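Undergrad: Sequential numbering from 9 applies to the sequence shown in our numbering.
The beta-carbon is built from N, C-alpha and C at its ideal position, and this holds for glycine as well.
Keep in mind the model is a prediction, meaning the values are calculated, not measured.
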Amino acid sequence: MKLKQSFGTVQWFMFLLANSVAMPIVFGGLFQLSLEEISSLIQRTFFIVGISSFLQGWIGHRLPIADGPAGTWVSLFAVLADIAIRQGQNPHDTLPALSGAVLIAGVLLFVLGLAKVTHRLAFLFTPLVTGTFLLILAIQLSGVFMKGMFGLTTGQVATNYAVTGLAGGVFVFVLLLSLLGKGVFKQYAVMIGLLTGWLLYELLGLRTAGIPFNTGEAWLQVPGVFVWGIPKVDLNIVIAVVLFTFMLVSNSVAAVTAVEEATTASPADRPKRLNRGGIIGGISHGLASVFSTIAVVQLPVSAGFIRMTEQRNVKPFLWAGILFAGLSFFPFVVKGLALLPGPIASAALLTTFVQMVGIAMQGITREPLDQRSMSILGISLVTGVGLMALPGAAFQALPAPFQYVLGNGLLFGTVVAICLEQIWRKANVPRVS
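1) Going by CA-CA distance only, name the one from V390, A78, T102 and L418 that's closest to N244.
2) Would you tell me roughly how many angstroms separate the C-alpha atoms of F85 and A303, rounded to the nearest one?
3) Taking the alpha-carbon positions, what's the M157 to T167 distance?
4) For G329, collect the residues of the same chain with a Cβ closer than 6 Å to its Cβ; drop the 5 residues on either side in sequence, then sort them by chain order.
5) Using 8 Å as the cut-off, can you tell me whether the region 311-325 makes contact with the region 263-282, which would need three or more C-beta pairs spanning the two stretches below that distance?
6) Please report the distance separating the alpha-carbon of H127 from that of R278.
7) Less than 7 Å separating the beta-carbons of L418 and Q148?
8) By Cβ distance, which residues of its chain are closer than 7 Å to A197, with the 5 residues on each side in sequence left out?
9) A78: which of L395, S28, S388 and G177 sits nearest, CA to CA?
10) With a cut-off of 8 Å on the beta carbons, I'd call P231 and Q404 a contact; round off their distance for me.
11) Is the Cβ-Cβ distance between A74 and S310 less than 7 Å?
12) Per DSSP, what kind of secondary structure is G159 in: helix, strand or coil?
13) Could you give the C-beta distance for I387 and V424, rounded to a whole number, given that I count them as a contact under 8 Å?
14) Thinking just about the alpha-carbon of each residue, which of W206, M255 and A30 is nearest to the one in F153?
15) Report the residue from G366, A296, I367 and L106 whose alpha carbon sits nearest the alpha carbon of F54.
16) Pop quiz: V365 and L143 are said to be a contact at Cβ under 8 Å. What is the actual Cβ separation, rounded to whole angstroms?
17) Quick one: what does DSSP say D277 is sitting in, helix, strand or coil?
18) Which runs of the beta strand (DSSP E) spanning at least 3 residues fall entirely within the region 267-328, listed in chain order?
19) In angstroms with no decimal places, state the Cα-to-Cα distance between V455 and F299.
20) Give every residue of the same chain whose Cβ lies closer than 8 Å to the Cβ of L331, excluding the five residues on either side of it in the sequence, and list them in chain order.
21) Could you tell me the alpha carbon to alpha carbon distance between L211 and T134, rounded to whole angstroms?
22) Let's test the definition: count the other Cβ atoms within 10 Å of the Cβ of S42 and tell me whether it reaches 16, buried, or not, exposed.
23) Buried or exposed: S441, going by 16 or more other Cβ atoms within 10 Å of its Cβ?
24) Leaving out five residues before and five after L117 in sequence, what residues of the same chain have Cβ atoms less than 7 Å from its Cβ?
25) Let me confirm a value: K155 is counted as buried when at least 16 other C-beta atoms fall within 10 Å, else exposed. Which label applies?
26) Tell whether a beta-carbon distance below 7 Å holds between A356 and L202.
27) Just reading off the alpha helix (DSSP H) that P409 is part of, what are its end residues?
28) Between R433 and the rest of its own chain, which residues show a CB-CB distance below 8 Å, the 5 nearest in sequence each way excluded?
29) Should L41 be counted as a contact of the ligand NAP given a C-beta to heavy atom distance under 6 Å?
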């Protein structure tokens, strides 16, 4: 492997790591998992992320699009956990139903892709809808990563301002490298920022806790299956899952479209990419259900990463996926990688959303902005983002399916954009100057 390709592999590996390590910890807090259970969840998540990213890049959409734990799924899980707690139940008991929901979505994605229907749904995801989706996603995840910089992702109320200050420095450092750097400093800005921040974090003695190492633990361990039990089908979730499947298609369209532009790949092959990606997405959801972990999706933010680092070659990405999946079989390596400080990872990833917002705005403005498109964008944003600010208890009197939908601002805002785009037909409306 050439030196440049090796550095590219390491940077993609760090990108996969930074996107994968935080969600299992957040998930563990939601469902009251022990440190050992969280450690096992991280191991299984690494395996699914690595194998799914490799399969997508190899025989799926064949683009360098990182897969990662889906924030959309975590939001659904959070609603279900909140419902269980309010009903006096242990949220851990709802995990088989979550595995069942992921499995149903996987079957739907697989069937849509195999029947070559996925690309036929692309008409729903116009540039305006896709841009709106990306913008709401950027707003949602920017909040998540900003909380991560302040160390608030697991429900803490106290902030270590020394750690937050270092994270802020990493954010500025990566931005400066990506905007003003030349050559390798620009191409490997995210990796340089992550490693520098991690090193300073350790040298300054900012670490207070971590997943404990068990000296009696096996060096080689296969990720566990059905750790949460056999998946169960909960009819209350089925309606939400069907809508979530359309959300996953929207996510795929957004990710593929954005990365095509970032890599100058031909849009003529988009139908094949979407159908193949749907098949592999269904398989990866099935694997996530079997291995009891958070379902993974294609990360549209990969386009921002590519633009920032100019990493357009798919080969380093494939090697990174293989390496990431392979290392999941070594618990000590997983626990070592899991020591990556959450605030540092959040800061480095937050920089990629600067590019992602730009990509969203390019999509929204691809056609002239008239009163119709501005209204659709505004209505989708204020409803979707507005719902994000409401506590889960706001919908507790509603039937469960409505709680799942209204509890996810990204899902609701995107559905609103799709419906308005299809119902509100274009006419001679004044253009906004």
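TA: On the basis of the data shown:
1) T102
2) 11 Å
3) 9 Å
4) G58, S61 and F62
5) Touching, yes, given that three or more Cβ pairs across the two stretches are closer than 8 Å.
6) 8 Å
7) In this structure, L418 lies near Q148, with their beta-carbon atoms less than 7 Å apart.
8) V182, L185, S186, G189, M316 and T317
9) Distance check between A78 and each of L395, S28, S388 and G177 places S28 closest, using alpha-carbon atoms only.
10) Rounded, the Cβ-Cβ distance is 36 Å, inconsistent with contact.
11) yes
12) For G159, the three-state secondary structure derived from DSSP is coil.
13) Contact holds; Cβ gap of about 6 Å.
14) When W206, M255 and A30 are compared, the shortest CA-CA separation from F153 is found for A30.
15) Nearest option by C-alpha distance: A296.
16) 7 Å
17) helix
18) 304-306
19) As displayed, the chain neither begins before 9 nor continues past 441, which places residue 455 out of reach and without an answer.
20) Beyond the five residues adjoining it in sequence on each side, L331 comes within less than 8 Å, by CB distance, of T17, F21 and G58 in the same chain, given in chain order.
21) 49 Å
22) exposed
23) Low per-residue confidence applies at S441: pLDDT is 48, beneath 50, and the placement is therefore not dependable, though the value from the model is reported in the following sentence. Under this definition S441 is an exposed residue.
24) Only T253, L256, G286, G289, G290 and H293 meet the Cβ criterion.
25) buried
26) yes
27) A408 to L414
28) none
29) The ligand NAP is absent from the structure shown, which contains no ligands of any kind.
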